[in-house]
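Student: Just so you know, we're using the numbering used here here: the sequence shown kicks off at 72 and counts up by one. The structure follows.
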Amino acid sequence: MSNLTQRIITAVIGASLVISAILYSEVTFILFLLLIVILGMLEFYRHLKHDEKQPQVIPGLLLGVIPFMTPLIESIFGVSANLLPLVLILPYIIFIRELYSKAEKPFTNIALTLLGPIYLSFPLFLFYLYSFQGSSPDHYHPTNVLGYLFILWSADTGAYFAGRFLGKRKLFERISPKKTWEGFAGGLLLSLIVAFVISHYYAGFDRITWMILAIIIATTGAFGDLVESLFKRSIAVKDSGSILPGHGGILDRFDGLFISAPFVFVYLLLMS
């Protein structure tokens, strides 16, 4: 089976599962995000350990998971359980815990432990909060999430094919030799077309907002791809994992979302 065939099969199955989780309920959306957080952070910490670093895996995972537990508990059990204050304490527990590690570079371990939630978990929590933006901000809007992902996926698809058939001028050769300006332009153009189409069906935002979001998502998503390439180059690996045949690991597949989500959320926050 060719790599392209593997990519297509994995993409179809994965997209179907993701869309189903988003549409079914807020709970399944949160559980999907939690799965990405846990698998992604385990990938991230595993590569750091192979690079002879010593991040605190369990405290890092706890810090990454806790933000999602409050809405998850409230959605399932209907009771208030504000666990977010723990996010303010856990980083300092990580500092204290390093006192007992006897590591040669303790602050490197602290920094890399905290980098996991900052890079992976917190952006996905903002992505969860994004699902409540737009009209009726007190309600979960699955179409907001689907629109975002359709734009992000279209940017990736447009960049892949435009880069493959038209790519000549290198976008960031030092980090990713295959990325081209033509690919970026193709991804941006396709994301704008998709945003224009979905603005007719998804009423969470008006047409102008969807178009602006497309520009933000396509641009910062491209940076997310480059950041992931930078990470892999720094630890000398080709793919972050093999859990997704033809696509690599969780970090490979969701790299654009990790960087774009904070920019989208802050833009909507400033415009509200």
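We put the CB at the ideal spot given by N, CA and C, even for glycine. From a predicted model like this one, the values you see are computed outputs, not experimental measurements.
Buried or exposed, going by whether 16 or more other CB atoms sit within 10 Å of the CB of F276?
Tutor: Translated into the one-based positions of the sequence shown, residue 276 becomes position 205. With 16 or more Cβ atoms within 10 Å of its Cβ, F276 is classed as buried.
Student: At what residues does the beta strand (DSSP E) containing L155 begin and finish?
Tutor: As a first step, residue 155 must be located in the sequence shown, where it is residue number 84. It is not in any beta strand (DSSP E) - L155 carries neither H nor E in the DSSP assignment.
Student: Using 10 angstroms around the beta-carbon of E299, count the other beta-carbons present and answer buried if the total reaches 16, otherwise exposed.
Tutor: Translated into positions along the sequence shown, residue 299 becomes position 228. That one is buried.
Student: What separation, rounded to the nearest whole angstrom, lies between the Cα atoms of D209 and Y201?
Tutor: Reading the sequence shown from its first residue, position 138 is the one you call residue 209. Reading the sequence shown from its first residue, position 130 is the one you call residue 201. One C-alpha to the other measures close to 11 Å.
Student: Could you tell me the alpha carbon to alpha carbon distance between S225 and P156, rounded to whole angstroms?
Tutor: Within the sequence shown, residue 225 is the residue found at index 154, counting from 1. Within the sequence shown, residue 156 is the residue found at index 85, counting from 1. Straight-line Cα distance between these residues: approximately 37 Å.
Student: Considering just the uninterrupted stretch of the beta strand (DSSP E) at K250, what are its terminal residues?
Tutor: Mapped onto the sequence shown, residue 250 falls at position 179. Its beta strand (DSSP E) spans residues 247-251.
Student: Considering only residues of the stretch 175-251, which uninterrupted alpha helix (DSSP H) runs meet the minimum length of 4 residues and lie entirely inside it, listed in chain order?
Tutor: For the stretch 175-251, whole alpha helix (DSSP H) runs of length 4 or above, ordered along the chain, are 177-187, 193-201, 213-237.
Student: Does T184 pass the burial test, meaning 16 or more other C-beta atoms within 10 Å, or should it be called exposed?
Tutor: In the sequence shown, the residue the question calls residue 184 occupies position 113. Result: buried.
Student: Cβ atoms of A293 and G258: under 8 Å apart, would you say?
Tutor: Counting from 1 along the sequence shown, the entry for residue 258 is found at position 187. Counting from 1 along the sequence shown, the entry for residue 293 is found at position 222. Yes.
Student: Would you check if the distance between the CB atom of E253 and the CB atom of L237 is smaller than 8 Å?
Tutor: Walking along the sequence shown from the start, residue 253 turns up at place 182. Walking along the sequence shown from the start, residue 237 turns up at place 166. Yes, Cβ-Cβ distance for E253 and L237 is below 8 Å.
Student: Nearest by alpha-carbon distance to L191: which of S331, I181, I306, M342 is it?
Tutor: Translated into the one-based positions of the sequence shown, residue 191 becomes position 120. Comparing Cα positions, the closest option is S331.
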